[in-house]
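One line per chain: the protein sequences are E and X, in this order. Quick note on the working numbering: the first sequence kicks off at 3 and runs consecutively. Quick note on the working numbering: the second sequence kicks off at 1142 and runs consecutively. C-beta atoms are modelled at their ideal positions from N, C-alpha and C, and glycine is treated no differently. Note that the structure is a prediction, hence the values are computed from the model and not measured. Everything on this sheet refers to the single structure shown next.
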Amino acid sequence: MADKIIKPEEMAGVDYHTPHRDWTNPSVEFIKGSYCYAAPLKNQEILQLPNPRQWNPQDLDWKLPPDYKRIILNGMKDRLEKYRSLKLFLDICVRCGACADKCHYYIGSGDPKNMPVMRAELLRSVYRRYFTIGGRLWGKLAGARELDEQIIKEWYYYFYQCSECRRCSVFCPYGIDTCEITMLGRELLNLVGCSTEWVVSPASNCFRTGNHLGIPPHAMKQSLESAQDDIKTITGIEVEVPLNKKGAEILFVAPSGDLFASPAWFTLMGYLMLFHEIGLDYTFSTYASEGGNFGLFHSAEVAKSLNAKIYAEAERLKVKWILGGECGHMWRVVHQYMDTFNGPPSFLEEPASPITGTKFDNARSTKMVHICEFTADLIYNGKLKLDPGRNDKWKVTYHDSCNPARAMGLLEEPRYIINHICNHFYEMPENTIRERTFCCGSGAGLGSDENMEMRLRGGYPRANAVQYVKEKHGVNVLACICAIDKATFPPLLEYWAPGVETAGVHELLGNALIMQGEKPRETDLRGEPLITNTPSESGG
Amino acid sequence: MRIIWPLIAVIAVILLALISVVVPSSQLIFGVIVPYLAISIFIAGFIYRVIRWASSPVPFNIPTTCGQEASFDWIKSDKIESPRSNWGIACRMALEIFFFRSLFRNNNMGQADQQRLIYGGSRWLWLGGLAFHWSLLIILIRHLRYFTEPVFPPSLWISSIDGMLQLALPALFISDFIILAAVSYLLIRRLVSSRIRYISLASDYLALFLILAVGISGILMRSLFKVDLIAVKELGISVITFRPAVPAGIGLPFYIHLLLVCTLIAYFPFSKMMHAGGIFLSPTRNSKNDSRRVRHINPWNRPVRVHTYAEYEDEFRQPMIKAGIPVDLNNSAGSNDGR
């Protein structure tokens, strides 16, 4: 394949005809732009992964261990005993097809193996062959397939074309969650040393340096200092940024993308301004400098290992509770896994806002609160002075990030905040928001550059809904609460909905926040001139 | 192949029932032994499958939240789609089991033109599925009249309502038509939609063919062949009271129907039809969305290799001190470098 760039009109003309070739044929072509590179040897070694070697998915020989079949089947048996979800979901699918057109990768690519039912069937067929009577007796007629190297390759291709967004599980009459299938399918691949670069490298960076970009502590400090400088330029106010401060009341953990990449960077500025304004006694940590957990895209073990740092650091710094930044899968881990993995955090206190006194009862065991919950409570209690007019240049739509929506139910808090900090807010069509939200197409470790075509395809349904509100209401910014969104929406929207920018909710909050003693704002947090269309009003 | 083999299998079952006519003494086998066997397989198999699922733990709390979490008093939470209480779970499961809540959400993605994706409500699958399952339930309850004397009252009530629209004698039941229409729809959908045909397995067709054959044979034996229902009930009561005796002259149509039913229920525990038991155990539906509030326990949770703060500081102590970041072991390594 040449590096030619496909035009959006061309890419949108997806062909949904199913091929005549039976799906049981596992052969796949690793098309440039649609698969992820293999994990580099160095990072495989840092995480002590099995079968470490330098390899490439386009190689004919994947250098699998000689007994790879036994390893995979034992791994499958082990996981069937450990996860009811796996056993159940492999057994009870009736292939009704309700999930088929719910997957953004299917919608964007038309590849029938990207239908969630098929993705599961890739694993299910091997399960049938080795773990069910029908499959053993009837073989292919029962939809069973003999495990071979081709199937490993097929799994690698399709389990890394699933962003674990769980949209299909909303529509499944039995709640079959393809995310579970993909997570455990990837674990099986890991057992024979087949994992991707953009999962293993960030995970090994997190392991060693605390954040996925591998930023050492002193560089993190510099980064925070430049945010301080930017805030001073814009507001005239010097905010303090405590780092590794023992005895602070709250440990703040953000996705590290907020510290090092634009536009997530502006979200960081928003946090810092908010914390300064309310006089929050908090600290960042360099050791637990990553809320995002690339381990989740690898295996439960690596996810747990990376997540352990947050509680460990909270204990070392003797904080009372933990506040978490805007991030998608980080909140999947915090909300549904963290306490189970590494709790109970008996050294912490039940979280309560020091400003409003509100007890965050819904987080009383895990003791970690989402920044949107925290901020919504501040606004509700009238603790913030806000001028939504400062966001008047933006016509805002809100993208529900997959995990906060479908693995947490955080739907209203961000909307509540947006409605108090912006004058122009427009929802996308109802089949594309809230629990039915579409993924950005780059989640679960698929956001690598080499995978760009598949990212654009997977992001097409989301971007198409953005384009709709852009045309209808003149929307020019997509607000979101996920660091992967902030990293991957800019190229996606440039391709499908040019002219729509991406912003964190707390960036918009930072614009609207009236700080005590600030100088008249001339620019927004991006350094762009402030345009006020409507008379400014103070919220509160 | 995926369609032909299941069809052959169902035809083979029907032909097998012919033996009951050719060899009259085999009626004990078809009327008593096979049903006992089939029911035993069904019960044992069903229980075994459910126990097998239940024996694997749910290590993580993974509800799929389809509504607002419970956070603040002033934000309305969705108590059913994002349940935090047992009551919420009960409602969510009941909606799912009795009304196919998730399937009700179904929509079809379509291309309005080259540039626009649209999502239209598509309730046909929901309607077809619901119609099929509810009429199946009604038919099952109606059939209790063949196993109870005096007849189990709900069975009578349902029969009389179901038979309201008597088009001909003997009474034809509404549920018979609905189930045939619904199953035909589900089958045609599988055959006609290339997407569904692509994902369909032989076992998907087998279940549909069997159910269709059971339904058709049941209707025919009542309305066309006028099977002696009193004799059938005699057999039913004798079997259910474990005093099996086969009355003479029940006739082939009944044995065809019975053998098809026995095949269906014996096959049930090995098939996807086990979703009937599985739905109750589905962790994305039956778990509470409260995992930050109440700790969920993973029975196989075990320690993993972690990179401790001490190891981390060992690697970065000098630059940390230089940058003025507090460290734990300042004096041992870097006091000279400290400020």
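Establish whether the CB of residue i and some CB of chain X are separated by less than 8 Å.
i	result
E:E375	yes
E:I252	no
E:G411	yes
E:I109	yes
E:S87	yes
E:L245	yes
E:I236	no
E:G542	In this prediction, E:G542 scores a pLDDT of 38, lower than 50, which makes its location untrustworthy; no coordinate-derived value is stated.
E:F399	A quick correction: the sequence has Thr, not Phe, at residue 399 of chain E. No, no contact with chain X.
E:P492	no
Need the endpoints of the beta strand (DSSP E) that residue i sits in, please.
i	result
E:K340	Looking at the sequence shown, residue 340 of chain E is not Lys but Met. It is not in any beta strand (DSSP E) - E:M340 carries neither H nor E in the DSSP assignment.
X:Y1260	R1257 to G1262
E:M370	M370 to H372
E:L253	I252 to V255
X:Q1252	N1248 to D1254
E:E503	E503 to G506
E:Y289	First-last for E:Y289: undefined, no H or E at that position.
E:A481	V479 to C482
E:V471	First-last for E:V471: Y462 to H475, but that is the alpha helix (DSSP H), not the beta strand (DSSP E).
E:F400	Sequence check: residue 400 of chain E is Tyr here, not Phe. Taken as a continuous stretch (DSSP letters only), the beta strand (DSSP E) holding E:Y400 covers V398 to Y400.
Over what stretch of residues does the alpha helix (DSSP H) that includes residue i continue unbroken?
i	result
E:T235	P219 to T237
E:P492	A485 to W498
E:T269	A266 to I280
X:A1231	N1227 to F1240
Can you name, in chain order, every residue of its own chain whose Cβ lies under 6 Å from the Cβ of residue i, other than the five neighbours on each side?
i	result
E:G111	First, the amino acid is wrong: residue 111 of chain E is Ser here, not Gly. Closer than 6 Å at the Cβ level, and outside the excluded window around E:S111, lie R459.
X:C1207	E1222
E:L308	C208, N295 and G297
E:T377	I419
Could you check how far apart the C-beta atoms of residue i and residue j are, in whole angstroms? I think they sit under 8 Å.
i	j	result
E:P10	E:Y497	6 Å
X:F1171	X:Y1396	5 Å
E:R464	E:G443	7 Å
E:T285	E:L319	6 Å
E:L261	E:S225	5 Å
X:M1414	X:A1348	6 Å
E:C484	E:C329	6 Å
X:P1424	E:R86	6 Å
Using beta carbons (cut-off 8 Å, strictly below), is residue i in contact with chain E?
i	result
X:G1356	no
X:S1341	yes
X:H1448	yes
X:T1404	no
X:I1149	no
X:F1213	yes
X:P1200	yes
X:N1433	In the sequence on display, residue 1433 of chain X carries Arg and not Asn. Judged by the 8 Å Cβ criterion, X:R1433 is in contact with chain E.
X:E1210	yes
X:K1374	no
X:M1305	no
X:S1223	yes
X:S1344	yes
X:F1409	no
X:R1426	yes
X:L1278	no
X:F1350	no
Using C-beta distances below 7 Å, list every residue in its chain close to residue i, excluding the 5 sequence neighbours before and after it, in chain order.
i	result
X:L1342	R1143
E:N421	F427
E:R168	D179, C181, C404, R408 and A409
E:H214	P204, N207, C208, S258, E292, G294 and F296
E:V30	K155, E156 and Y159
E:I190	At residue 190 of chain E the sequence reads Leu, which differs from the Ile that was named. Correct list, in chain order: I74, G77 and M78.
Please work out which residues of its chain come closer than 8 Å, Cβ to Cβ, to residue i, disregarding the five sequence neighbours upstream and downstream, and give them in chain order.
i	result
E:L149	K71, I74, L75, V128, R131 and Y132
E:A41	L51, S197, T198, E199, V201, V202 and S203
E:V194	P52, N53, L66, P67, Y70, I73, I74 and I154
Starting from the N-terminal side, write out each stretch of the alpha helix (DSSP H) that is 4 residues or longer and does not extend beyond the segment 302 to 385 of chain E.
302 to 318, 331 to 335, 341 to 344 and 373 to 382
Going residue by residue through the segment 1261 to 1347 of chain X, where are the continuous alpha helix (DSSP H) segments of at least 4 residues, counting only ones entirely within it?
1265 to 1284, 1294 to 1303, 1315 to 1333 and 1335 to 1340
Please go through the segment 1146 to 1180 of chain X and give each complete alpha helix (DSSP H) segment of 4 or more residues, from N-terminal end onward.
1160 to 1163
Restricting to runs no shorter than 4 residues, where is the alpha helix (DSSP H) found entirely within the segment 1390 to 1477 of chain X?
1393 to 1408, 1416 to 1419, 1424 to 1427, 1450 to 1464 and 1471 to 1475
Can you check the segment 172 to 199 of chain E for any alpha helix (DSSP H) of at least 4 residues that lies completely inside it and give the ranges in chain order?
180 to 193
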